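S.K.: Residue numbers (mature numbering (1 follows the signal peptide of the UniProt record, and there is no 0)): -22 to -1, 1 to 524. Before anything else, here's the structure in question.
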Amino acid sequence: MSPSFLFFLLFLLKFNSLSSHASSPPPSPSVYDTFVNCLTKNSIPQSEISKIVYSPNDPSFNSILQAYIRNGRFFNSSTTSKPVIIVTPTVESQVAGVVICTKQTNLQLKIRSGGHDYEGISYISDVPFIMLDMFNLRSISIDTNDKTAWVQTGAILGELYYNIWKKSEVLGFPAGVCPTVGVGGHVSGGGYGNMLRKFGLTVDSVLDARLVDANGRILDRKSMGEDLFWAIKGGGGASFGVILAFQIQLVTVPQTVTYFRVERFIEDNTTTDAVVQWQNVASKIDNDLYMRLLIQPITVKAKAKGAKSTKSIRATFIALFLGDSNILMSLISKEFPLLGLTKQDCLEMSWIDSVLHWGNFDNTTKPEALLNRQGDPLNYLKRKSDYVQTPIPKNGLESIFEKMISLGKAGMVFNPYGGRMDEIAEGETPFPHRAGILFKIQYSVNWHEQGLTAEKDYLSQIRDLYSFMTPYVSKNPRQAYLNYRDLDIGINDQGPQSLEKGRVYGTKYFKNNFDRLVKVKTMVDPQNFFRNEQSIPTLRKQRKML
């Protein structure tokens, strides 16, 4: 009996108890050969196949799988499900073959660009699956004349920013602040960054796209049609196809921008008042200013010998201003005096250097650091999200701070909206969180301890804080942000109630746009080939289970 056959017998036994959860039959022992033979029939030479297709028996399999796992919760090889096959295409035509041949195997297809999905659903599954890893498809072509760029979805944001900077120091792109995030998931999920009040989301600057559909066709905006093009601009690309590349509109940035990072503590009697004032100012102030607010529980070491340490709350204000510090100081002094900002707090720099500061690099770091795909050391983590439409009163903030101290480690990030976001209609893209939103909350907890006991404790903390925040956030639906993936708000097992289960999380992510997304999904992928734990479902009457 061959080692490969033994592997697949073990694999089938592992997933046997989950067979009722799967929407397709388990793979046969010859699935690898079937897949490779299919690729050959679809004009992919064996010489290419041997370089891009990996079975679990391949010495490189685990290193490729683990290279873009960004959450330690899913790194453990003994407890995390693994793909049956990993494919790492080097040219776009190979992706079409992968789609066609995965359909023939009756397996699920998972698509990974940067691996930053907080719940890991681009590289894990409860059913047998093939993982399409896009990291080799990372070309970036920039046209400074019309201020556009074509970016393949396997590129990371740092590579995009670096390539823009190499071409022009007065061009940028309004995307995320973490440089290792993959372009594919970030853009198609409605990614945002510290210029969203000036320019909106990433998807508000998308001009065109190339995509492989469920039939293996490579389509652009014209051939895919406006409905599908609309859907992949914030509806999550993995529900509709494999996005190969986006064409984006670059934006003009000034030669000098200003950055500040100011920390305040609740022991200072003005800090809570400053947070109250921030809520009333951050979404209404000049669109050139973006002020993020981090609220974190901390431990303060005792100064006296033998005294006990105490718990406190730190409020950190981090800002990007598209202009010089003199204008910024005048603006803050008038609109946000309780911050107590000083000229010494303000650092003037180029836009690319502000990217490095927001990415938590030190002052001596060169832009080439943005090309590093490794990123920060691996953490265990969990994230959740909310939207706030009315300011949280001072007594509410005080009770929230007390709750955070009692919990221990769960923190929050307040991201201001307003500006350009108020000017774009809810239905313009699938991303609906526009006018009327003061700020978005990201709930965050990281930990280093291994084991299920620690994981249970920290997950309980963040869920408890999320529950405690219920009176202060949006309602009917309680809105959520797709790119802060959160399986707590609903999971789709792709069974007979798929549409109903999809609506639970779908209305939180997309509000009224969910129904249009379902119609587009049913039109372009009626058999629901592109599916995951929180994908857009099809209308049941037109759906054929694989």
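Think of the CB as a built atom: it goes at the ideal place given N, C-alpha and C, for glycine as much as any other residue. As the structure is a prediction and not an experimental result, all values here were calculated from the model.
Measuring straight from C-alpha to C-alpha, what distance separates residue 105 and residue 97?
M.R.: For residue 105 and residue 97, the distance between alpha carbons rounds to 16 Å.
S.K.: Among the residues of its own chain, which have a CB less than 6 Å from the CB of residue 353, if the five just before and after it don't count?
M.R.: Answer for residue 353: 158, listed in chain order.
S.K.: Could you work out which residue in 287, 61, 514, 298 is closest to residue 235 when comparing CA atoms only?
M.R.: Closest option to residue 235, Cα to Cα, is 298.
S.K.: Pull up the CB-CB distance for residue 316 and residue 248, whole angstroms please, since I reckon it's below 8 Å.
M.R.: Contact flag correct, Cβ pair sits at about 6 Å.
S.K.: So residue 511 is in the alpha helix (DSSP H); what residue range does that whole segment cover?
M.R.: Here residue 511 belongs to no alpha helix (DSSP H), and DSSP marks it neither H nor E.
S.K.: Closer than 8 Å by C-beta to residue 127: which residues in its own chain qualify, once you throw out the five before and the five after it? Chain order, please.
M.R.: The answer, listed in chain order, is 118, 119, 120, 121, 138, 141, 142, 151, 225, 226, 228.
S.K.: Taking residue 466 as the reference, which of 22, 511, 320 has the closest Cα?
M.R.: Per the Cα distances, 511.
S.K.: Should residue 261 be labelled buried (16 or more other beta-carbon atoms within 10 Å of its own) or exposed?
M.R.: Label assigned to residue 261: buried.
S.K.: Touching or not, the region 192 to 209 and the region 85 to 95, by the rule of three or more beta carbon pairs under 8 Å?
M.R.: No: the two stretches stay apart, fewer than three of their Cβ pairs being nearer than 8 Å.
S.K.: I need the DSSP call for residue 112, collapsed to helix, strand or coil.
M.R.: If DSSP states are grouped into helix, strand and coil, residue 112 belongs with coil.
S.K.: What separation, rounded to the nearest whole angstrom, lies between the Cα atoms of residue 430 and residue 20?
M.R.: Each residue's alpha carbon lies about 45 Å from the other.
S.K.: Return helix, strand or coil for residue 421, following the three-state DSSP convention.
M.R.: The answer is strand: DSSP assigns residue 421 an E or B state.
S.K.: Can you tell me the Cβ-Cβ gap for residue 221 and residue 187, rounded? I've got them flagged as a contact below 8 Å.
M.R.: Confirmed, Cβ separation roughly 6 Å.
S.K.: Output the residue ranges of the beta strand (DSSP E) runs that lie fully inside the region 208 to 241 and measure 3 residues or longer, sorted by chain position.
M.R.: Here the runs fully enclosed are 220 to 227.
S.K.: Let me know if residue 17 comes out buried or exposed under the rule of 16 or more other beta-carbons within 10 Å of its beta-carbon.
M.R.: With 16 or more other Cβ atoms within 10 Å, it is buried.
S.K.: Mapping DSSP to helix, strand and coil, what is residue 308?
M.R.: Note: residue 308 maps to helix in three-state DSSP.
S.K.: Can you grab the Cα-Cα spacing for the pair residue 42 / residue 31, in whole Å?
M.R.: Each residue's Cα considered, the two are about 11 Å apart.
S.K.: Can you round the beta-carbon distance between residue 65 and residue 76 to whole angstroms, since I take them to be within the 8 Å contact cut?
M.R.: That belief holds up - the Cβ atoms of residue 65 and residue 76 are roughly 5 Å apart, short of 8 Å.
S.K.: Just checking, does the region 199 to 214 make contact with the region 67 to 81 on the three C-beta pairs under 8 Å criterion?
M.R.: Touching, no, given that fewer than three Cβ pairs across the two stretches are closer than 8 Å.
S.K.: For the beta strand (DSSP E) containing residue 127, list its first residue and its last residue.
M.R.: Start and end: 126 to 130.
S.K.: In three-state terms, what does DSSP make of residue 107?
M.R.: Note: residue 107 maps to strand in three-state DSSP.
S.K.: Look at the Cβ atom of residue 254, then the Cβ atom of residue 125, and state whether they are nearer than 8 Å.
M.R.: No, the pair does not count as a contact, with Cβ atoms beyond the cut-off.
S.K.: Straight-line CA distance for residue 383 to residue 275?
M.R.: Each residue's Cα considered, the two are about 6 Å apart.
S.K.: Specify the secondary structure class of residue 376 as computed by DSSP and reduced to three states.
M.R.: Residue state, collapsed to three classes: helix.
S.K.: So what does residue 266 bridge to, in DSSP terms?
M.R.: Partner(s): none; residue 266 has no beta bridge.
S.K.: Any idea what DSSP makes of residue 163, helix, strand or coil?
M.R.: Residue 163: helix per DSSP, three-state reduction.
S.K.: Rounded to whole angstroms, what is the Cα-Cα separation between residue 513 and residue 217?
M.R.: The alpha-carbon atoms of residue 513 and residue 217 are separated by roughly 5 Å.
S.K.: Could you tell me how far apart the beta carbons of residue 294 and residue 239 are, in whole angstroms, since I believe they sit closer than 8 Å?
M.R.: At roughly 7 Å, the Cβ-Cβ gap stays under 8 Å, so residue 294 and residue 239 are in contact.
S.K.: To the nearest whole angstrom, what separates the beta carbons of residue 102 and residue 131, a pair I think is in contact under 8 Å?
M.R.: Not quite, the Cβ-Cβ distance comes to about 20 Å (not below 8 Å), so this is no contact.
S.K.: Would you list the one or two residues that DSSP bridges to residue 186?
M.R.: Answer by DSSP bridge pairing, in chain order: 225.
S.K.: Under 8 Å Cβ to Cβ from residue 357, same chain only, skipping five residues before and after it: list those, please.
M.R.: Excluding residues within five positions, the ones whose Cβ falls inside 8 Å are 49, 50, 424, 425, 426.
S.K.: So which of 501, 471, 485, 483 has the shortest CA-CA distance to residue 509?
M.R.: Checked all of 501, 471, 485, 483; the closest Cα to residue 509 is 471.
S.K.: Hey, how far is the Cα of residue 215 from the Cα of residue 47?
M.R.: One C-alpha to the other measures close to 19 Å.
S.K.: Quick one: give me the first and last residue of the beta strand (DSSP E) that residue 389 is part of.
M.R.: That run of the beta strand (DSSP E) goes 389 to 394.
S.K.: Taking the alpha carbon of residue 321 as the reference point, which residue from 328, 308, 333 has its own alpha carbon closest?
M.R.: Ranking the options by Cα distance to residue 321, first place goes to 308.
S.K.: Determine the DSSP secondary structure at residue -11, reduced to helix, strand or coil.
M.R.: Any reading at residue -11 must be qualified, since the residue scores a pLDDT of 39, below 50, and its modelled position is unreliable; no value is offered.
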